[in-house]
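Here's the structure we're looking at; comments come further down.
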Amino acid sequence: MGLILPYREFSPGTQPNYLHSPYVSSLRRSPTKPLVHIPQTLSEITGPSWGAKDVVAGACDLTNRHSGSPIGPRIVVSGSVMDEDGRPLTNTLVEMWQANAAGRYLHRSDQNSAPLDPNFTGEGHTLTDSQGRYRFVTIRPGEYPWGNHHNAWRPAHIHFSLFGPAFATRLVTQMYFPGDPLLAFDPIFNCTADEEARNRLISRFDWETTLPRESLGYHFDIVLRGRNATPMEDADRHQE
Amino acid sequence: MKLRATTWQTVGPFFSIGMKHRYLADIAGTDSAGERIAVAGRVLDGDEAPISDAVLEIWQANTYGKYAHSEDAQDKPLDPAFLGHGRIPTQRDGAFAFTTIKPGSVDLPDGRPQAPHLVVGLMMRGLLRRLTTRIYFPGDPLNESDEILQRVEPARRKTLLLAPHVARTGRFLWDVHMQGESETVFFDF
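Taken in order, these protein sequences are the chains called Y and P. Taking this note's numbering, the leading residue of the first sequence gets 48, the next gets one more, and so forth. Taking this note's numbering, the leading residue of the second sequence gets 338, the next gets one more, and so forth.
Rendered as C-alpha cells:
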C-alpha cells in the first residue's frame with residue numbers, strides 16, 4: 048500500500064501544555080510522564096467522515112429553535128475552516144456550544160445563579176460549504192463567574208469542535224470577543240505561550256456580516272493541521 | 338506552510354450541550370461483521386478520584402482491518418454497516434462503557450501488520466487539549482511485534498491492554514489513569 052503523508056507537528060508554543068497551574072483543574076488531570084512519540088499510521092491519518100445525514104437542517108441558527116426568541120444581542124459568527132496551507136476544508140463538521148446571554152449554560156452542573164433562558168439551548172452545528180465557510184446565528188454569550196480562584200470570571204466565549212479529515216486533525220477550541228477586559232485575567236485563554244496564537248482565538252468584528260437592524264457580525268477563521276511534504280516512511284526511519 | 342494551526346482550548350465541563358447529539362456507545366450496531374466486544378472502565382484523576390466530565394472518542398478499523406476512509410488504500414473489504422467511530426461521555430462515577438467489534442490488523446506503510454487496536458481521543462474539563470492513546474487486545478500474537486507498542490517501555494504497556502472480564506467472554510475492562518503509578522500511556526504524533 049501507499050506511503051503515509053503525515054500531518055505536521057504543531058508549531059512550538061502554539062498549543063497549551065497539559066499542566067498549566069493557574070488553571071487549577073489541570074493539576075490532577077494532566078499527565079506527569081512524557082507523551083510517547085509515534086509515527087503516524089493509517090490509524091492517525093484516517094478519521095470519521097461526517098455528511099448531511101449527521102446534520103440537522105437549521106442547526107446553524109440558535110435563535111429559532113424554540114417558540115420565542117432568546118434574550119440577548121443577536122450576532123452572526125462566521126468564518127472559514129482551512130488547513131495550514133490555506134486550503135479550504137469543505138463539508139467538514141463544525142459543532143459549537145455556549146452559555147446564554149446571562150452567562151448560564153443549560154447543564155445540570157452549571158452552578159451559576161444567573162437565569163436560564165427557556166428560548167435558548169446553546170447548541171449549534173453545521174457543515175462547511177464548498178469554500179470551507181460556516182455561519183452561525185446566535186446571541187452573544189454572557190461572561191460568567193467560576194470557581195478557579197477568588198473572583199474568577201470567564202470572558203465571553205463560544206466553544207468550537209471540529210474533526211477535519213483525520214483523527215490527527217481534531218480540534219476543540221474557544222472563540223472570544225474583541226475588547227473583552229476579562230481576557231487578560233483568564234487562565235484558560237492565557238494557557239498558550241505564543242501570544243499571536245492566543246490572539247487568533249479572538250474573533251474580529253465584521254461589518255461585512257453585520258446586518259442592519261438585526262445582528263452584529265463576528266469573523267472567526269479556524270486552521271487545522273496541514274500535511275508534510277515528505278512521506279512518513281523515510282522521515283521516520285531517519286529518526287530512528 | 339502559510340498558516341499555523343489554531344490553538345486548542347479545554348472542552349470545559351459543559352461539552353455535552355454541543356457533543357451529545359453525536360454520542361455513540363454502540364459502535365458496531367447489529368449489522369457489522371466481526372467479533373463483538375464490550376469495554377467498560379473508569380477515568381481517574383491523580384488522586385484516583387473519578388472524572389465525571391470526560392469524553393472519549395474512538396476510531397477503529399473494521400473486522401478486516403480497513404478504515405471507512407478515502408485514504409485507506411489497503412486491498413481489504415469495507416463493511417458498509419461499520420463506520421468505526423464512537424463518542425462516549427463518562428458518568429458521575431467516572432465510568433464509561435461501549436460495545437464494538439474487534440478490529441482486524443491494519444498495515445503499516447511498509448506492509449508489516451499492526452496489532453489490532455482502537456485509537457482513543459480523550460477530552461475533559463481540566464485538560465487543555467486532547468490526549469490520545471490506543472487500546473490493544475491481550476494475548477494477540479501481533480502485539481509482540483507491533484511498531485507502536487515497541488515504542489512504549491515494557492512496564493507501561495499494560496496500560497494500553499484490555500483486561501479480560503473474569504466471568505464473561507468478549508467483555509473487557511480498561512481504566513484510564515491520568516497520573517500516578519499506573520498512568521496511562523498517551524501518544525504524540
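All C-beta atoms, glycine included, are put in the ideal place defined by N, C-alpha and C. Model, not experiment: these values are computed from the prediction.
Check the Cβ of P:G458 against every Cβ in chain Y and list those closer than 8 Å, keeping chain order. Per Cβ cutoff of 8 Å: F214, R217.
Applying the criterion that 16 or more other CB atoms from any shown protein chain within 10 Å of the CB defines a buried residue, is Y:S262 buried or exposed? Y:S262 should be labelled buried.
List the endpoints of the continuous beta strand (DSSP E) containing Y:E142. Per DSSP, Y:E142 is one residue of the beta strand (DSSP E) stretching across 140-145.
In chain order, what residues of the same chain lie with their CB nearer than 7 Å to the CB of Y:D281, ignoring the 5 residues before and after it? Its pLDDT being 43, under 50, Y:D281 is placed unreliably in this model, and the value from its coordinates should be taken loosely. Cβ within range, chain order: n/a, list empty.
Using only alpha-carbon positions, find the residue among Y:L50, Y:I269, Y:R272 that is nearest to P:P446. It is Y:L50.
So is P:P350 in contact with chain Y if we call contact Cβ pairs under 8 Å? It does; some Cβ of chain Y falls within 8 Å.
Inter-stretch contact (C-beta, 8 Å, three-pair minimum) for the segment 95-104 of chain Y and the segment 266-276 of chain Y: As far as the Cβ criterion goes, the segment 95-104 of chain Y does not touch the segment 266-276 of chain Y, which means the pair count is below three.
Residues bridged to Y:G119 by DSSP? The partner list for Y:G119 (beta bridge, DSSP) is empty, contrary to what the question assumes.
Going along chain Y in order, which residues have a C-beta closer than 9 Å to the C-beta of P:W511? Near P:W511 there are no residues of chain Y at all, since even the closest Cβ is about 17 Å away, more than 9 Å.
Taking CB distances under 8 Å as the criterion, tell me whether Y:L230 reaches chain P. Chain P contact via Cβ: absent.
Could you list which residues in chain P have their beta carbon closer than 8 Å to that of Y:Y152, in chain order? Near Y:Y152 (Cβ distances below 8 Å), the residues of chain P are F351, I354.
Chain P contact residues for Y:P225, given Cβ-Cβ distances below 7 Å: Within chain P, no residue comes near Y:P225; the closest Cβ sits about 17 Å away, beyond 7 Å.
What separation, rounded to the nearest whole angstrom, lies between the Cα atoms of Y:W144 and P:L464? Here the C-alpha atom of Y:W144 lies approximately 18 Å from the C-alpha atom of P:L464.
Three-way DSSP call (helix, strand, coil) for Y:R284 in this model: With a pLDDT of only 44 at Y:R284, under 50, the local geometry of the prediction cannot be trusted, and no value is derived from it.
Verify whether the separation of the beta carbon atoms of P:V376 and P:F523 is less than 8 Å. No, the pair does not count as a contact, with Cβ atoms beyond the cut-off.
In angstroms with no decimal places, state the Cα-to-Cα distance between P:E481 and P:D444. C-alpha separation (whole angstroms): 15 Å.
Return no unless some Cβ of chain P is closer than 8 Å to the Cβ of Y:I51. True, the Cβ-Cβ gap to chain P drops below 8 Å.
According to a CB-to-CB cut-off of less than 8 Å, which residues of the segment 432-456 of chain P neighbour chain Y? V443, D444, L445, P446, D447, G448, Q451, H454, V456: these are the residues of the segment 432-456 of chain P whose beta carbon lies less than 8 Å from some beta carbon of chain Y, given in chain order.
Where do the ends of the beta strand (DSSP E) carrying Y:S208 lie? Where Y:S208 is concerned, the enclosing beta strand (DSSP E) stretches over 204-209.
Using 8 Å as the limit for Cβ to Cβ distance, is P:R494 near chain Y? The beta carbon of P:R494 does not come within 8 Å of any beta carbon belonging to chain Y, so the residue lies off that interface.
Can you tell me whether Y:E242 is helix, strand or coil according to DSSP? DSSP places Y:E242 within a helical segment (H, G or I) once states are collapsed to three.
Start-to-end residues for the alpha helix (DSSP H) that takes in Y:I92: Residues 89-92.
Kindly indicate which residue of P:T400, P:I425, P:R429, P:Q411 has the alpha-carbon position closest to the one of P:P417. Measuring from the Cα of P:P417, the nearest candidate turns out to be P:T400.
Tell me Y:I235's beta-bridge partners as DSSP assigns them. Answer is none; Y:I235 lacks a bridge partner.
Contact check, Y:H67 vs Y:P234 under 8 Å by CB: the rounded distance? Right, the Cβ-Cβ distance comes to about 7 Å (below 8 Å), so this counts as a contact.
If you measure between the beta carbons of Y:G226 and Y:E190, is that distance less than 8 Å? No, the Cβ-Cβ distance between Y:G226 and Y:E190 is not below 8 Å.
For Y:T88 and P:Q528, believed in contact at Cβ under 8 Å, the rounded distance: Beyond the ends of chain P as shown, which are 338 and 526, falls residue 528 of chain P; an answer cannot be given.
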